[in-house]
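Trainee: Chains as they are written, first to last, in my numbering: chain S, 30 to 146; chain D, 6 to 118. Shown below is the structure under consideration.
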């Protein structure tokens with residue numbers, strides 16, 4: 030299956046600042062997905078990122094707070110802007126492995142554990 | 006909207022015991038179901054993918070089954086080991102949409118040496 034390199038693995042940030050999370054995939058993929066996992070909760074989809082177009086955000090998430098870039102078919106970034114303690118979560122990227130999710134399923138990055146103080 | 010539930014929320018077993026984790030979903034029109042493992046503070050590792058035409062998948066000590074008509078999937082772990090301690094998540098895909106992936110609430114497993 031595809032291999033995703035996600036960084037940073039963890040960070041502690043001051044409120045009001047921004048953090049950019051990067052995901053690099055070892056193969057070209059059409060769509061990349063960004064999730065948030067709040068403490069003790071399951072995963073919630075933030076947005077879907079397609080190369081060459083604006084990301085599609087889920088209800089409750091806005092571009093000003095979570096801007097996403099997708100400059101090519103192997104890379105994407107998610108920025109958490111103007112952070113508050115409520116943004117403390119694990120953030121994960123995911124891809125449809127080789128564009129063949131029906132056969133291989135979804136692959137996830139190793140996660141970024143963000144703590145906002 | 007699809008809702009996925011996992012029972013129990015937490016489970017503690019002695020090493021060597023066989024165990025079953027349960028996953029239920031409300032809409033039987035799912036396409037595939039995928040089981041993941043998550044270690045504390047980490048990302049997700051895919052364990053098994055069951056396609057809609059399949060009823061079960063096996064990988065080593067793991068066996069996952071899928072019964073779409075009853076809205077249930079189970080993950081069977083044989084001869085549990087302390088290294089199996091993690092949170093196990095199931096995720097159901099719906100047939101339509103680019104990424105209709107719905108996650109369960111997870112089962113936190115502790116295997117006691």
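Beta carbons: idealized from backbone N, C-alpha and C, even for Gly. Predicted model only: the values in this text are computed from it and were never measured.
On the criterion of 16 or more Cβ atoms from any shown chain inside 10 Å, does residue 125 of chain S qualify as buried, or is it exposed?
Mentor: buried
Trainee: Does any C-beta atom of chain D lie closer than 8 Å to the C-beta of residue 134 of chain S?
Mentor: yes
Trainee: Helix, strand or coil for residue 32 of chain D per DSSP?
Mentor: coil
Trainee: In the stretch 38-72 of chain D, which residues sit with their C-beta less than 8 Å from some C-beta in chain S, listed in chain order?
Mentor: 39, 41, 46, 47, 48, 49, 50, 51, 54 and 56
Trainee: Report the option in D/108, D/116, D/115 and D/118 whose CA atom is closest to the CA atom of residue 70 of chain S.
Mentor: Comparing Cα positions, the closest option is D/108.
Trainee: Between the alpha carbons of residue 93 of chain S and residue 18 of chain D, how many angstroms are there, rounded?
Mentor: Rounded to the nearest angstrom, the two C-alpha atoms are 46 Å apart.
Trainee: Roughly how many whole angstroms lie between the Cα atoms of residue 102 of chain S and residue 96 of chain D?
Mentor: 25 Å
Trainee: So if I threshold CB-CB distances at 7 Å, which residues from the stretch 48-60 of chain S count as touching chain D?
Mentor: 60
Trainee: Which of the three DSSP states, helix, strand or coil, is assigned to residue 116 of chain S?
Mentor: helix
Trainee: I need the boundaries of the beta strand (DSSP E) containing residue 89 of chain D, first residue and last residue.
Mentor: Here residue 89 of chain D belongs to no beta strand (DSSP E), and DSSP marks it neither H nor E.
Trainee: Give a yes or no on whether the C-beta atoms belonging to residue 77 of chain D and residue 14 of chain D are separated by under 8 Å.
Mentor: no
Trainee: Would you mind sorting residue 31 of chain D into buried or exposed? The rule is 16 or more other CB atoms within 10 Å of its CB.
Mentor: exposed
Trainee: Do the stretch 116-124 of chain S and the stretch 51-69 of chain S meet, that is, are 3 or more Cβ pairs less than 8 Å apart?
Mentor: yes
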